[in-house]
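**Q**
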Amino acid sequence: NYDANDYSTNKTNLLDEGKYRVRIINAIETVAKNGTEGLEISLEVNGHSNKLRHYIWYNRENAARTNQLLGEFFNSFDISAGERSSCENWLGKTGAVYVMHDVYKGRQIAKVAFCLSRNEQISLPAWKEIQPKREYIDNGSVPPSESFAPRQFSDIRF
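Per the working numbering, residue 91 is the first one in the sequence shown, and the count goes up by one each step.
1) Just mark Ala94 as buried or exposed, buried being the case when its beta carbon has 16 or more other beta carbons within 10 Å.
2) So, helix, strand or coil for Asp245, using DSSP?
3) Thr126 by DSSP, collapsed to three states: which one?
4) If you run the structure through DSSP and keep just helix, strand and coil, what is Trp147?
5) Report the partner residues of Gly172 according to the DSSP bridge assignment.
6) Ignore the nearest five residues each way along the sequence and tell me which others in Tyr110's own chain have a CB closer than 7 Å to its CB.
7) Closer than 8 Å is the cut-off here; do at least three beta carbon pairs connect the stretch 170-181 with the stretch 121-128?
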C-alpha cells in the first residue's frame, strides 16, 4: 500500500563515489541520437539496490581509444575472446567499476567512470547475492507453512 509519508522529492539513493563490484544484467548494441554506435551495459551493484548503465561508444576517428575502452571492459569482466561475439554471453559476469558523480539535466547522478582491471578488484568483497524479502500477507488463505507441508511418501497414491 502506498504511504505518502515515505515519499520525498529530495530523497536520493545516490551511490558514493568509489570502487564497486558489479554484475552485468543486460548488454545491447545501441545507436545514440547523433548516430554513434556503441554498447549499453546495465549493471547491478553488489550490496546495493542501485543499477548503473555503462556506455562504450565506438569512436571511428580514434580506434585505439575505442579498443582501449573495450579491452578494459573485457579484462574487468573476464570476457574471453570467444565470448565477445555476442552480448548475451556477458550476462551474469562480474567485474568492478569506479563510480563518479556528474550532473545530467540539472540532477546529480552516479555514473561509471571506468572499469577496474582484475588486479584492481582483488581488495573488493566477492559478489554476494541479496535474498529477496518474502512477506506473508494475511488475505484469509492458508499460511504458506501450512499449505506447503511436506507429504509423506506413503500419502502418495498410485
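We treat Cβ as the ideally placed atom computed from N, Cα and C, and that holds for glycine.
**A** Quick look at the numbers:
1) exposed
2) Here the model assigns Asp245 a pLDDT of 44, short of 50, so the residue's position is not dependable, and the following value carries that caveat. Residue state, collapsed to three classes: helix.
3) coil
4) strand
5) Answer is none; Gly172 lacks a bridge partner.
6) Val135, Asn136, Ala186, Val187, Val189
7) no
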